[in-house]
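This report refers to the structure that appears directly beneath it.
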Amino acid sequence: MLLYRTSTGWMLKTTNGLCFEVPPGDRLTTREDLSDYLKSLGGDRTSSDLPRALLAPIESQEVWAAGVTYYRSRSARMAESQEAGGGSFYDRVYHAERPELFMKSTPHRVVGPEAAVRIRHDSKWNVPEPELTLLVSPGGKILGYTIGNDMSSRDIEGENPLYLPQAKIYDGSCALGPAILVTREALAASTGIHLKIERAGAELFAGSTTLAELKRRPEELVKFLYRENTFPNGCFLMTGTGIVPPDSFTLLAGDRVEITIDGIGVLRNTVDQLK
Ligand code: DO4
Ligand code: MG
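If you read the sequence shown in our numbering, its first letter stands for residue 8, the second for the next number, and so on.
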């Protein structure tokens with residue numbers, strides 16, 4: 008089941024293609040019984056079209072992120088932070104029991120499908136990070152999965168690890184959508200994550216990975232995040248990137264970013280520069 012947020016409310020697309028509005032109600036995506044609740048809505052509804060304009064499928068959740076969960080991310084961080092001493096700490100966190108977890112965004116900084124993700128005006132090296140993103144209930148249950156873009160300023164991050172929040176958290180630095188795949192099943196290791204970047208209509212970069220490359224299990228990341236931490240509104244947890252464009256690449260205003268995750272959909276955004 009795919010759950011979409013539209014300007015008039017939430018809509019559900021069932022596995023047999025039926026599409027209908029979910030009755031209005033607060034805190035839909037924090038329900039511990041989300042999957043059962045949505046299944047119970049089936050009945051004799053008629054199908055309607057999904058509006059073209061979709062919003063990020065978030066209510067009042069915080070967005071958190073895990074880092075260095077793929078070998079490719081470990082190597083890219085080590086390269087960009089060599090002068091700041093990054094030769095060892097990214098490698099250490101890749102192998103450590105405790106994962107890297109950081110606050111990524113609050114709802115007002117999150118953009119949805121087709122909206123503008125942003126790059127900072129005080130940064131010269133920026134990339135999108137395509138990430139499987141978990142919707143987690145207040146009780147710590149994984150309710151579903153969406154696509155996330157953890158926009159990142161690599162020069163700020165590489166200059167000093169203490170600058171991480173500035174490299175990661177700013178207006179428009181996080182995109183989520185187009186839908187939440189609500190399921191109680193874990194995603195298959197073969198699930199593909201794909202990134203495409205276009206400039207002036209031409210493809211500049213394309214890369215892919217699969218969940219088989221993710222070093223940590225989603226449940227393990229949730230367990231660490233919920234240690235000594237409560238989430239009354241639940242949260243989204245981005246699980247890290249396994250695709251990093253070559254070091255010579257930086258995003259520019261006007262670029263188009265397209266992230267696809269098998270079974271969830273395609274998240275498309277245009278890049279804008281903060282003034
Ligand atoms: O340690 C820096 C951030 C890493 C990250 O965002 C990722 O691996 O996806
Ligand atoms: Mg990331």
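Note that CB positions come from ideal geometry on N, CA and C, so glycine has one too. All values derive from a computational prediction rather than experimental measurement.
For residue i, collect the residues of the same chain with a Cβ closer than 8 Å to its Cβ; drop the 5 residues on either side in sequence, then sort them by chain order.
i    : result
R79  : T216, E220, T248, G249, I250 and V251
V229 : L141, V143, G147, I149 and L244
M8   : L19, K20, T21, T22, S42, L45, K46, L188, V189 and T190
C26  : M18, L19, K20, S54, S55, D56 and L57
A60  : T13, S14 and E121
What span of residues does the beta strand (DSSP E) with residue i cover, start to end?
i    : result
H102 : First-last for H102: G93 to H102, but that is the alpha helix (DSSP H), not the beta strand (DSSP E).
L183 : C181 to V189
D279 : G272 to Q280
V70  : E69 to G74
V264 : R263 to I268
F243 : C242 to M245
M158 : Unbroken run through M158: none, as it is neither H nor E.
E138 : P137 to V143
S54  : Where S54 is concerned, there is no enclosing beta strand (DSSP E), given that its DSSP letter is neither H nor E.
Y177 : Premise fails: Y177 is in no beta strand (DSSP E) and is neither H nor E.
S80  : Where S80 is concerned, there is no enclosing beta strand (DSSP E), although the alpha helix (DSSP H) it sits in stretches over Y78 to E87.
Quick one: is residue i buried, meaning 16 or more other Cβ sit within 10 Å of its Cβ, or exposed?
i    : result
G92  : exposed
M158 : buried
A193 : exposed
K131 : exposed
A174 : buried
A207 : exposed
S67  : exposed
G270 : exposed
Sort the options by Cα distance to residue i and report the nearest one.
i    : options                   : result
F191 : K148, R161 and Y177       : At residue 191 the sequence reads Arg, which differs from the Phe that was named. It is K148 whose Cα lies nearest to the Cα of R191.
V124 : T113, G179 and K175       : G179
R223 : F96, V100, V70 and G119   : V100
E164 : G270, L48, F256 and Q89   : Q89
M110 : F96, H102, A86 and G74    : G74
G119 : G155, E138, P135 and L108 : G155
Y77  : V117, M85 and V29         : M85
Locate the alpha helix (DSSP H) running through residue i, then write down its first and last residues.
i    : result
L41  : L41 to S47
L6   : One cannot answer for residue 6 here, as it falls past the ends of the chain, which runs 8 to 282.
K111 : Careful: K111 lies outside any alpha helix (DSSP H), inside the beta strand (DSSP E) at E107 to S112.
K230 : P225 to L232
Starting from the C-beta of residue i, find all residues in its chain whose C-beta is less than 7 Å away, skip the five residues before and the five after it, and write them out in chain order.
i    : result
S197 : T217 and A219
Give every residue of the same chain whose Cβ lies closer than 6 Å to the Cβ of residue i, excluding the five residues on either side of it in the sequence, and list them in chain order.
i   : result
G97 : Correcting the residue identity first, residue 97 is Tyr in this sequence and not Gly. Excluding residues within five positions, the ones whose Cβ falls inside 6 Å are V75, R81, R84 and M85.
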